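One structure is given here, and the rest of the page talks about it.
There are 2 protein chains.
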Amino acid sequence: MPLDDNWFSEQHAGIGSAWSARIKKKVFDQRSPYQHVEVYDTEGFGKLMVIDGCTMVSTLENFLYHEMMAHPVLFTHPDPRRVAIIGGGDCGTLREVLRHPGVEHCTQIDIDELVTRASELHFPELCEANDDPRAELLFIDGIQWMQQAEAGSLDVIIVDSTDPVGPGEVLFSTEFLTACQRALAPDGLIVQQSESPLAHLDLIQAMYARFGSAGFGDTRTLFFPQPIYPTGWWSATLAGRHGSLQHFREADARSKPFETRYYNADIHHAALVQPEFFRKAIGG
Amino acid sequence: MPLDDNWFSEQHAGIGSAWSARIKKKVFDQRSPYQHVEVYDTEGFGKLMVIDGCTMVSTLENFLYHEMMAHPVLFTHPDPRRVAIIGGGDCGTLREVLRHPGVEHCTQIDIDELVTRASELHFPELCEANDDPRAELLFIDGIQWMQQAEAGSLDVIIVDSTDPVGPGEVLFSTEFLTACQRALAPDGLIVQQSESPLAHLDLIQAMYARFGSAGFGDTRTLFFPQPIYPTGWWSATLAGRHGSLQHFREADARSKPFETRYYNADIHHAALVQPEFFRKAIGG
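Order-wise, the sequence lines are chains A and B. Read left to right, the first sequence gives residues 0 to 283 (numbering that gives the first Met the number 0). Read left to right, the second sequence gives residues 0 to 283 (numbering that gives the first Met the number 0).
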């Protein structure tokens with residue numbers, strides 16, 4: 000049955016699919032110098048933020064993405080205190096990071112302040128840690144910030160970016176990853192959203208190569224569901240300066256002092272398991 | 000951007016989302032006494048079978064579903080020889096079952112022969128085991144067949160059905176599950192597709208109660224991606240007459256004499272892991 004005007008649709012180039020949500024009304028529509036930011040009130044997904052026509056977050060299921068961008072990397076690092084989030088303007092990843100009592104400082108660097116303003120209005124629950132004294136929100140160029148960061152000054156970098164087209168593209172470059180590698184302390188870790196394992200396997204392969212070129216050692220991918228993104232199946236790729244990423248602070252994850260909705264220690268193990276086609280393509 | 004006439008769309012009631020595929024042309028369109036069966040040639044998903052407006056299988060990603068309906072249950076049973084598939088008319092699950100050399104007989108009972116005829120024409124790769132001497136294809140009422148099956152005559156039952164509305168609804172009833180329980184040998188196992196963990200948690204909770212009422216013991220859910228179904232995240236629920244479903248023939252799974260694209264022994268473990276919200280709702 001065709002979709003009438005009561006639907007928002009995002010078409011996925013390359014794979015020829017589309018995801019749509021039935022909308023009640025548009026509640027936000029502004030343009031920044033960088034992007035077009037819209038928020039819809041939907042029938043089943045709560046609020047839905049759309050940037051340049053691409054779905055970003057929904058009330059219903061953003062917990063899947065935000066928990067998986069924050070907790071696996073933070074429980075893999077032995078003692079994460081200094082964290083930077085590149086992108087992440089909706090502030091949902093920041094909130095998850097600051098659930099970790101050991102984190103002393105988390106800087107979120109998103110070039111577009113409009114995304115955070117829209118989130119404060121329509122996703123206030125994602126912004127509830129914005130006033131935490133450990134949080135620093137900067138609205139400047141993340142690449143430049145990373146290039147100017149003091150060497151060895153970060154424990155964890157989370158690249159919570161849009162797709163590798165448009166403003167997000169440079170965040171997938173070897174140059175940017177090299178700057179990240181330099182900014183990390185010796186036991187530092189990076190995690191970056193890495194698109195759909197089914198639709199974008201070539202991108203993930205390229206990312207592994209670029210992490211290697213940038214001086215990272217072990218590289219591993221986390222798999223998790225993501226209903227509003229192409230194929231509904233998503234990934235984030237972890238890389239470390241030294242050591243294995245297979246092990247994590249499992250006892251700490253089992254006794255974590257905060258609630259989650261998707262992540263737990265068993266999910267951490269499960270998310271690292273490679274489907275057979277991925278294992279054959281990437282190795283491991 | 001709105002979708003023009005070059006798209007097939009399925010709307011998902013309840014959750015207010017829709018999944019669409021850009022189509023080249025419709026290549027099959029017939030009605031049986033039971034259902035309306037269509038096949039589209041799509042831009043990115045290969046062929047796409049649609050029954051009564053709901054997506055069933057696509058060339059691109061059916062391996063996810065068919066492997067997860069067949070291999071976990073077969074590697075959990077100690078020695079599966081006699082298998083029945085209720086539904087499954089596209090024959091993809093049958094093909095996966097017959098990859099197991101120990102299976103002596105597999106009966107596929109789908110009420111609608113038209114589904115198999117459409118699959119033979121447009122998904123020939125899924126039908127490549129239909130001529131296996133161990134395969135028996137019946138086009139009759141699966142509930143009646145199960146009620147008349149000899150007690151204790153089956154090792155594994157796979158309920159590969161449509162959604163629990165329309166013809167598939169009765170397959171989710173306690174009456175049908177009781178007939179399955181009776182037809183299974185003492186160490187027999189059943190697996191049934193159980194919809195989206197995110198959109199249909201209440202259905203899965205009801206299934207657990209019905210498996211219990213039907214006399215099954217341990218009940219566990221497998222989670223896996225399913226791009227063309229609502230939310231892109233799907234599940235199948237396993238139940239056994241006796242014993243635990245946590246353990247499986249892991250050594251056999253690691254040395255399986257056939258290729259897979261998604262399933263492997265580690266994926267088997269990972270698929271059984273409960274996300275935190277599911278664990279809180281269902282227990283375990």
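All C-beta atoms, glycine included, are put in the ideal place defined by N, C-alpha and C. What you are looking at is a predicted structure, and each value in this text was computed from that prediction instead of being measured.
Coarse secondary structure for residue 29/A, derived from DSSP in three states: strand
Closer than 7 Å to chain A by CB, residue 217/B: no
The stretch 185-194 of chain B / the stretch 24-41 of chain B touching (three or more Cβ pairs under 8 Å): no
Helix, strand or coil at residue 36/A [DSSP, three-state]: strand
Collapsed DSSP secondary structure at residue 161/B in the structure displayed: coil
Every unbroken alpha helix (DSSP H) inside the stretch 126-154 of chain B [4 residues or more]: 141-147
Three CB pairs or more closer than 8 Å across the stretch 42-59 of chain B and the stretch 70-81 of chain B: no
Spatial distance of residue 72/A from residue 249/A (CA atoms): 12 Å
Chain A contacts from the stretch 248-264 of chain B (Cβ-Cβ distance under 9 Å): 258, 259, 260, 261, 262 and 263
Whole-angstrom C-beta distance between residue 11/B and residue 20/B, which should lie under 8 Å: 14 Å between Cβ atoms; not a contact.
Where residue 231/A falls: helix, strand or coil (DSSP): helix
Within 7 Å, strictly: CB atoms of residue 172/B and residue 234/B: no
Nearest-angstrom beta carbon gap, residue 15/B and residue 198/B [assumed within contact, 8 Å]: Incorrect: roughly 10 Å between the Cβ atoms, too far for contact.
Span of the beta strand (DSSP E), counted from its first residue to its last, around residue 77/B: Per DSSP, residue 77/B belongs to no beta strand (DSSP E) and is neither H nor E.
Straight-line gap, residue 179/B to residue 258/B (C-alpha atoms, nearest Å): 30 Å
Cβ of residue 272/A within 7 Å of any chain B Cβ: yes
Test: residue 21/A CB closer than 7 Å to a CB of chain B: yes
Outcome for residue 4/B when other beta-carbon atoms lying within 10 angstroms are tallied against a minimum of 16: exposed
Straight-line gap, residue 227/B to residue 8/B (C-alpha atoms, nearest Å): 11 Å
Residues that residue 105/A bridges to, as DSSP identifies them: 82/A and 134/A
Given 8 Å, three or more beta-carbon pairs between the stretch 237-245 of chain B and the stretch 252-266 of chain A: no
Residue 17/B: contacting residues in chain A (beta-carbon distance under 7 Å): 2, 6 and 19
Where residue 197/B meets chain A, residues with beta-carbon distance less than 9 Å: 59, 60, 63, 224 and 226
CA-to-CA distance, residue 120/B to residue 163/B, given in whole angstroms: 27 Å
Own chain partners of residue 156/A with C-beta closer than 6 Å, once the 5 adjacent residues on each side are dropped: 83, 179 and 189
Test: residue 266/B CB closer than 7 Å to a CB of chain A: yes
Secondary structure of residue 51/A, DSSP reduced to three states: coil
Residue of 205/B, 236/B and 139/B minimising C-alpha distance to residue 218/B: 236/B
Runs of beta strand (DSSP E) lying entirely within the stretch 222-282 of chain A, each at least 3 residues, in chain order: 232-239
Members of the stretch 32-60 of chain B that neighbour chain A once the beta carbon cut-off is set at 8 Å: 41, 42, 43, 44, 52, 59 and 60
Residue of 145/A, 151/A and 92/A minimising C-alpha distance to residue 127/A: 92/A
Where residue 196/B sits in the DSSP three-state scheme: coil
Listed by chain order, chain A residues near residue 14/B by CB distance under 7 Å: 43
Beta bridge counterpart(s) of residue 209/B as assigned by DSSP: Paired residue(s): none; residue 209/B is not in a bridge.
Cβ-Cβ separation, residue 105/A to residue 148/A (assumed contact under 8 Å), whole Å: Actually they are not in contact, since the Cβ atoms of residue 148/A and residue 105/A sit about 14 Å apart, beyond 8 Å.
Interface flag, residue 232/A vs chain B, CB-CB below 7 Å: yes
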